[in-house]
Every structure is written in C-alpha cells, then in structure tokens.
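Enquirer: Residue numbers 68 to 351, in our numbering, belong to the letters of the sequence shown in order. To start, I am sharing the structure in question, which I have written as structure tokens.
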Amino acid sequence: MGFFIRDLHRQIERLYQEQFGQYHGQSLLLYRGQGLSYRDFEKLKKAEGGLLSFNCFLSTSKQRGASFMFAETIIQNDENVGILFVMTIDPSVTSTPFADISNESYFEEEAEILFSMHTVFRIGDIKKLDNNERLFEVCLKLTSDDDKELKVITDLFEENLKGGTGWERLGNLLFKVGKFDKAEELYHTLVQQATTQNDAAFYYDHLGAMQTYKNNYLEAIRNFEKSLSIRESISTENNSDLAVTYNNMGSTYEKMKDYSNALLFHQKALSIWEMLLPEHQIDL
Numbered sequence: 068m069g070f071f072i073r074d075l076h077r078q079i080e081r082l083y084q085e086q087f088g089q090y091h092g093q094s095l096l097l098y099r100g101q102g103l104s105y106r107d108f109e110k111l112k113k114a115e116g117g118l119l120s121f122n123c124f125l126s127t128s129k130q131r132g133a134s135f136m137f138a139e140t141i142i143q144n145d146e147n148v149g150i151l152f153v154m155t156i157d158p159s160v161t162s163t164p165f166a167d168i169s170n171e172s173y174f175e176e177e178a179e180i181l182f183s184m185h186t187v188f189r190i191g192d193i194k195k196l197d198n199n200e201r202l203f204e205v206c207l208k209l210t211s212d213d214d215k216e217l218k219v220i221t222d223l224f225e226e227n228l229k230g231g232t233g234w235e236r237l238g239n240l241l242f243k244v245g246k247f248d249k250a251e252e253l254y255h256t257l258v259q260q261a262t263t264q265n266d267a268a269f270y271y272d273h274l275g276a277m278q279t280y281k282n283n284y285l286e287a288i289r290n291f292e293k294s295l296s297i298r299e300s301i302s303t304e305n306n307s308d309l310a311v312t313y314n315n316m317g318s319t320y321e322k323m324k325d326y327s328n329a330l331l332f333h334q335k336a337l338s339i340w341e342m343l344l345p346e347h348q349i350d351l
C-alpha cells in the first residue's frame, strides 16, 4: 500500500509540472459533491474562516453539474447533509500537486482533477442551495506556502518543538498535515501526563493556538489562561515564555474584536520583550 501511495503521488507531481508548472492564467474553479454527517457539518460551520484538510487523495471535477447531482443523491439518506464544495485554485502558488486525469478516468466527461494527499483549504462562505435545509454550498480556497496564518502556527510549532519529545514532534506533524482534532487530542493527553508545570503550560499554549485557528476563541482563551496561571506562578516577570502567552492572548482577543484586552496583553508582552532584547536589536 505504501508503494502505491508513493507511486501515485509521484505521478501526480509529474503531471502537475507538465500541465501547470508554467501556468500563469486565471484561478481554476473546481467542484466536489460529498455527504457529511450532521455532527461533522456542525464542526464545518463552526470552522468557517479556518482551515480544512483532506487527508486522502482528493477527487474533484471541472463540471459543477455532475458534482451537484452527487450532492443531491446524498440527501436521500436522512442521516447526511449534501455538500457541494466550490474550490478556488491558483495553480501558480499552490503547495499541493494536482493533475487533470480526464484522459485516464473511466468517466472522462467529469473532467476529473486529482489532488495528492493532505490538501489544506481555507473555508469561505457556507450557504444553502435551492432553499434546502440539507443541501449546502461551501466555498474553499487552496492555501499556499505563504499563507500567513498557517505559516505562523507551523513556525510556532517548529521553533518550540526543536529537541522536544517524540510525542511533541508527533503533535507538530499531526497539525502540519491538517489533522487538527488528532493533534488536539494528543495535547490534552500530554497535559494530563505532564511531569513539570512548565511542560503543562507549554501544552496549554499549543491547545490555545489550535483553538484560535479553529475559530474557537473562548476555548482558546481558557487554555491560554491556564497556561498563564502556571507561568505567573513559576516565572519571573521578565520571562520570555510569559511574553509568548501574553502575546497569544492578545492576538486571540484581537480576533474577537475585544480591542481593549488585546491592547492590554500585547503591551504586557511588549514590556517583557523590551527588557529582554539588547538595546540595539530590533525584532519584527
């Protein structure tokens, strides 16, 4: 199975270079019809504006009609919601290879585009189709290597996990491939098994960061407050870890449009960094 996955990924990479390697045209619009359970659809709605990862090879179509028909058939099962994903793809900046496999597909008329594994999208608008309570259109935009929010969180994980334990590195890997729920489960376990207060605060910080990027801001603040409670009890007032937690809280309050608290915690972080940084060093 591993050989098959590697071989398929390499074939997609090769076709991507042949078909889109020098592409400088307009963005592509692709479609996918899919069913979701009510529980998974509620998770998707709560994550609007956040990130969504498809962790398998992803089949899409240039033809809206075929994808819409598939989404319609899904709602014949009362336990599912029909979803029409509408995906905006800029081939010149994508971080995930994909290929037009129409000529290789049994259903050539569907104009199939196949993506490699672990494709990450940003979730846009979610709206009802045909005024049907069980049929929805979900807009997605493919992330690029320079997606600012994705880069911030992966850089945070990479910087803090250098030399970390195997479990911590696994948490980083799960996040980077888009398995956010699995990463969160792992960090909850690590919090319970933490052998030092500093480790527990570190794990709460990362739980808070993950909740922020899932747009669960109140839960993020709760995790940051737990980290802060620990750090304030064990840290000197000019500790850089304390500044990181203050800054994380400020950024989350900013997303919540609670600008007074955002300013308060950013100022606390800044005052610590000003004490720690050499006089002529600038950190942007």
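Glycine included, every Cβ here is placed at the ideal spot set by N, Cα and C. Remember, it's a predicted structure, so these values are computed and weren't measured experimentally.
Per the DSSP calculation, leucine 151 is bridged to which residue(s)?
Expert: Gly100, Glu204
Enquirer: Between which two residues does the alpha helix (DSSP H) carrying threonine 279 extend?
Expert: Following the DSSP letters along the chain, one finds threonine 279 inside the alpha helix (DSSP H) bounded by residues 264 to 280.
Enquirer: At which residue ranges does the region 292 to 325 contain complete alpha helix (DSSP H) runs of 4 or more residues, listed in the order of the chain?
Expert: 307 to 322
Enquirer: What residue range does the alpha helix (DSSP H) around lysine 110 cover?
Expert: 105 to 113
Enquirer: Between the region 76 to 90 and the region 102 to 119, do three or more beta carbon pairs fall short of 8 Å?
Expert: no
Enquirer: Could you tell me the distance, in whole angstroms, from the CA atom of aspartate 145 to the CA atom of leucine 202?
Expert: If you take the alpha carbons of aspartate 145 and leucine 202, they lie about 12 Å apart.
Enquirer: So what does DSSP say about lysine 335, is it helix, strand or coil?
Expert: helix
Enquirer: If I follow the unbroken alpha helix (DSSP H) through threonine 140, where does it start and stop?
Expert: 131 to 141
Enquirer: As a quick exercise: from Thr163, Ile142, Ser211, Ser159, pick the residue whose alpha carbon is nearest that of glutamate 200.
Expert: Ile142
Enquirer: Quickly, what does DSSP pair isoleucine 193 with across the bridge? List them, please.
Expert: Val205
Enquirer: Mark asparagine 198 as exposed unless 16 or more other C-beta atoms lie within 10 angstroms of its C-beta, in which case mark it buried.
Expert: exposed
Enquirer: Run through DSSP, which three-state label would phenylalanine 182 get?
Expert: strand
Enquirer: Counting pairs of Cβ atoms below 8 Å between the region 149 to 161 and the region 98 to 114, do you hit three or more?
Expert: Contact holds: three or more Cβ-Cβ distances are below 8 Å.
Enquirer: Hey, out of His273, Asn306, Lys324, whose CA is closest to asparagine 315's CA?
Expert: Comparing Cα positions, the closest option is His273.
Enquirer: Rounded to whole angstroms, what's the CA-CA distance from serine 94 to aspartate 266? Just pull it up for me.
Expert: 44 Å
Enquirer: Please tell me whether tyrosine 98 and serine 134 are closer than 8 Å, where the distance is taken between their beta carbons.
Expert: yes
Enquirer: Would you kindly report the start and end of the unbroken alpha helix (DSSP H) that includes phenylalanine 247?
Expert: 247 to 260
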